[in-house]
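All residue numbers for the sequence shown refer to this note's numbering, where the first residue is 185 and numbers rise by one. Even for Gly, the Cβ is constructed at its ideal location relative to N, Cα and C. Quick caveat, the model's predicted, so the values are computed rather than measured. Before any comments, here is the structure.
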Amino acid sequence: MIKNTTNPAAIRSRNALATSLVSLLLERPLKDITIEDITSSAGLSRQTFYTNFSQKEDILENSLNQLFSMFINGLPKLPETLEEMLAVYFEFWSGHKKFLSVLFDNQLSHIFAIDNIFLFKNEFSFYAKKGAKSQDELPYLENYLAGLTFQLLRTWQQNAWKEETETIVHLACRLLKGDFLIEK
Numbered sequence: 185m186i187k188n189t190t191n192p193a194a195i196r197s198r199n200a201l202a203t204s205l206v207s208l209l210l211e212r213p214l215k216d217i218t219i220e221d222i223t224s225s226a227g228l229s230r231q232t233f234y235t236n237f238s239q240k241e242d243i244l245e246n247s248l249n250q251l252f253s254m255f256i257n258g259l260p261k262l263p264e265t266l267e268e269m270l271a272v273y274f275e276f277w278s279g280h281k282k283f284l285s286v287l288f289d290n291q292l293s294h295i296f297a298i299d300n301i302f303l304f305k306n307e308f309s310f311y312a313k314k315g316a317k318s319q320d321e322l323p324y325l326e327n328y329l330a331g332l333t334f335q336l337l338r339t340w341q342q343n344a345w346k347e348e349t350e351t352i353v354h355l356a357c358r359l360l361k362g363d364f365l366i367e368k
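Below is the structure:
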């Protein structure tokens with residue numbers, strides 16, 4: 185559980201713990217990292233850790249929440265088309281490949297998936313509403329968009345991020361248009 189606070193010292197501690205954990209995760213898996221490893225690397229006490237978090241995974245969840253907030257708050261306005269939104273979405277996450285790799289490689293992709301669903305059911309619901317023919321279809325389209333974007337990011341990461349961002353955006357657009365599998 186993440187303990188909410190706006191205290192500047194707590195925020196600095198959280199950021200230091202996050203930096204420390206990500207740095208350690210580049211060397212070894214999460215299961216091999218202790219709270220002591222994290223706090224020692226961050227130059228903080230175990231008490232500081234437990235004042236802010238309950239478990240190691242909470243640090244990554246907090247960092248991911250911050251990234252999603254940065255993404256949303258960084259948009260001056262919602263992109264007008266689904267294609268523009270996909271370009272902005274994948275461009276943003278392409279700037280955070282190292283963090284996503286750490287998350288995905290440590291079997292914590294579910295944390296991303298949950299936040300991504302929240303994004304598409306709230307801030308990005310507009311795009312599903314444009315395509316829905318009825319209110320009953322809306323949750324299916326929101327989850328479809330969340331699932332599509334998540335799985336494309338996950339596969340991109342599994343392919344060592346070798347494709348250009350534009351290629352992933354183009355692939356997402358083709359999938360949404362039904363350019364695969366079903367013959368016309």
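Practice task
Could you tell me the distance, in whole angstroms, from the CA atom of alanine 194 to the CA atom of asparagine 236?
Solution key: Their backbone Cα atoms lie some 7 Å apart in a straight line.
Handout entry: Same chain, Cβ closer than 7 Å to tyrosine 148, neighbours up to 5 away in sequence not counted
Key = A query on residue 148 cannot be resolved here, the shown segment of the chain reaching from 185 to 368 and no further.
Problem - Euclidean distance between Cα positions of threonine 223 and threonine 203 - result: Threonine 223 and threonine 203 have their C-alpha atoms some 11 Å from each other.
Problem - Reference phenylalanine 334, options Leu228, Ser278, Ser197 and Ala226, closest by Cα - result: For the options Leu228, Ser278, Ser197 and Ala226, the alpha carbon positioned closest to that of phenylalanine 334 is the one of Ser278.
Handout entry: Sequence ranges, beta strand (DSSP E) only - wholly within the region 263-311, length at least 3
Key = Considered as a whole, the region 263-311 harbours no complete run of any beta strand (DSSP E) with no fewer than 3 residues.
Practice task
Going by CA-CA distance only, name the one from Leu262, Lys305 and Leu251 that's closest to histidine 280.
Solution key: Comparing Cα positions, the closest option is Leu251.
Practice task
Evaluate alanine 344 with the Cβ neighbour count: other Cβ atoms within 10 Å of its Cβ, from every protein chain shown; 16 or more gives buried, anything less gives exposed.
Solution key: Here alanine 344 is exposed. Its C-beta has fewer than 16 other C-beta atoms within 10 Å.
Problem - Classification of tyrosine 273 by the beta-carbon crowding that lies within 10 angstroms, buried from 16 upward - result: By the neighbour-count criterion, in which a residue is buried when 16 or more other Cβ atoms sit within 10 angstroms of its Cβ, tyrosine 273 is buried.
Practice task
Identify the continuous alpha helix (DSSP H) that holds proline 260 and give its terminal residues.
Solution key: Where proline 260 is concerned, there is no enclosing alpha helix (DSSP H), because DSSP gives it neither an H nor an E.
Exercise for the section: Tell me whether phenylalanine 364 sits in a helix, a strand or coil according to DSSP, three-state version. Expected result: In the three-state scheme derived from DSSP, where H, G and I count as helix and E and B as strand, phenylalanine 364 is classed as coil.
Practice task
Measure the Cβ-Cβ separation of valine 206 and phenylalanine 283 and say whether it is below 8 Å.
Solution key: Contact: yes.
Handout entry: Sheet register partners of phenylalanine 255 (DSSP bridge)
Key = For phenylalanine 255, which the question treats as bridged, DSSP gives no partner whatsoever.
Exercise for the section: Compute the beta-carbon to beta-carbon distance between phenylalanine 296 and leucine 248, rounded to the nearest angstrom, for a pair I have assumed lies under 8 Å. Expected result: The Cβ separation is near 6 Å, so the contact holds.
Handout entry: For isoleucine 301 and proline 213, the rounded distance between their alpha carbons
Key = Taking the straight line from one Cα to the other gives about 26 Å.
Handout entry: Contacts around glycine 315, its chain only, beta-carbon distance under 6 Å, and the 5 residues preceding and following it disregarded
Key = Setting aside the 5 residues that flank it on each side, glycine 315 is surrounded in the same chain by Leu325, each with a C-beta closer than 6 Å to its C-beta; the list follows chain order.
Exercise for the section: Kindly list the residues whose CB is nearer than 8 Å to the CB of alanine 200, restricted to its own chain and excluding five residues on each side of it in sequence; keep chain order. Expected result: Excluding residues within five positions, the ones whose Cβ falls inside 8 Å are Ala226, Gly227 and Leu228.
Exercise for the section: Mark glutamate 245 as exposed unless 16 or more other C-beta atoms lie within 10 angstroms of its C-beta, in which case mark it buried. Expected result: Buried, by the Cβ-count rule.
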